[in-house]
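Single-structure report; data block below.
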Ligand SMILES: [Zn+2]
Ligand SMILES: [Zn+2]
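Residue numbers (this note's numbering): 261 to 567.
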């Protein structure tokens, strides 16, 4: 199945079409780039003056208003024409700010073009650190070069950062090491919309980047923090997958905890990674969570590395 067939299917299927399903570990990054080049961008209004754009790598959130647009995450640079069109369809406001939820390419590759149109970039200090130097992600078998100077965040912080834009209070909060060591949440408090970046993949197994400080236990801590941070009214935007809320965060946390336990038992019995994968510790979850980029075997390996 190719991306063209995928993108002609329903909106629900198209959300999952931003990557070809079931890529092997060695071709994840080229596959992400190729899919982004062909991606259709869909726009969903959230609440107040907030919308989300899906289709170019990670989800992109947009706050519109008279001071200009503020974006959270940048998608892939190859999606510039499609993302530009989607942004123009929301309003004529210029782009003034860009927040990165973490350093990964599917959330920061668009930094350069967005900066060139006037966006000041804000992120956790470790996002700037990883984008500033060649960085290897062993889980993707890929080394990312340093980005150009204009693509780097200019405002960075350690624990948290607060800003006000378009009459909206925006709280940026560091998770501690989780999916990487650079993940933050972004809360638009009046609208009660929370962006959690790649600490939540809604409906699919997540990637965990051990090369830059991520781990299964850190991912579980972030999943717990997300459940604690929201109410039943909060709109929650994941890094990947459709927008959801508290019940989805709980289901994701419970999945992580259950699989971590299963894998820890098998590893504790002295089983090799190969034997652990063969024992299918994710079996109860695969029908729902195992149909996308990170396969059951890949996710088992990611958990095994951290228990
Ligand atoms: Zn991502
Ligand atoms: Zn990521």
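Using N, Cα and C, we set each Cβ at its ideal position, and we do this for glycine too.
Three-state secondary structure assigned by DSSP to residue 281: At residue 281 the pLDDT is 41, less than 50, meaning the model places this residue with poor confidence and gives no usable figure here.
Reduced DSSP category for residue 499 - H, G, I as helix; E, B as strand; rest coil: strand
Length at least 4, wholly inside the stretch 382–465: the alpha helix (DSSP H) runs in chain order: 385–392
Which listed residue (388, 323 and 400) has its alpha carbon closest to that of residue 406: 388
Where the alpha helix (DSSP H) containing residue 507 begins and where it ends: 506–528
Same chain, Cβ closer than 8 Å to residue 281, neighbours up to 5 away in sequence not counted: A caution first: residue 281 carries a pLDDT of 41, below 50, which makes its placement in the model unreliable, though a value can still be read off. Answer for residue 281: 261, 551, 552 and 553, listed in chain order.
Cutoff 7 Å; reference residue 564; Cβ partners in own chain excluding five residues on either side: 523, 527, 533 and 536
Identity of the residues DSSP links to residue 374 by a beta bridge: Paired residue(s): none; residue 374 is not in a bridge.
C-alpha distance - residue 454 paired with residue 311, whole-angstrom precision: 12 Å
Residue 366 Cβ short of 8 Å to ligand 1 heavy atom set: yes
contact_flag[the stretch 302–318, the stretch 400–417] where n(CB pairs < 8 Å) is 3 or more: no
Closest residue to residue 400 among 433, 290, 373 and 494 (Cα-Cα distance): 290
Local Cβ density within 10 Å of residue 486, reported as buried at 16 or more and exposed below that: buried
Helix, strand or coil at residue 562 according to DSSP, with G and I counted as helix: helix
Three-state secondary structure (DSSP) of residue 316: coil
CA-to-CA distance, residue 334 to residue 480, given in whole angstroms: 25 Å
Member of 427, 507 and 370 whose CA lies at the smallest distance from the CA of residue 451: 427
Distance between residue 320 and residue 386 (C-alpha atoms, nearest Å): 20 Å
Backbone CA spacing between residue 471 and residue 288 [nearest angstrom]: 16 Å
Through-space distance from residue 346 to residue 377, alpha-carbon basis: 15 Å
Boundaries (first-last residue) of the alpha helix (DSSP H) holding residue 329: Taken as a continuous stretch (DSSP letters only), residue 329 belongs to no alpha helix (DSSP H), being part of the beta strand (DSSP E) at 329–332.
CA nearest to the CA of residue 562, picked from 510, 502, 499 and 438: 438
Coil, strand or helix - residue 542 by DSSP: coil
Top-ranked residue by Cα proximity to residue 440, from 369, 473 and 390: 473
Span of the beta strand (DSSP E) around residue 308: Looking at the DSSP string, residue 308 is not in any beta strand (DSSP E), and its letter there is neither H nor E.
Simplified DSSP assignment, three categories, for residue 537: helix
Residue 268 classed as buried or exposed, judged by whether at least 16 other C-beta atoms fall within 10 angstroms: Residue placement at residue 268 cannot be trusted, given a pLDDT of 30 that sits under 50; what the coordinates show is reported in the next sentence. Result: exposed.
Simplified DSSP assignment, three categories, for residue 367: helix
C-beta atoms of residue 492 and residue 498 nearer than 9 Å: no
Separation of residue 395 from residue 435, as counted between CA atoms: 21 Å
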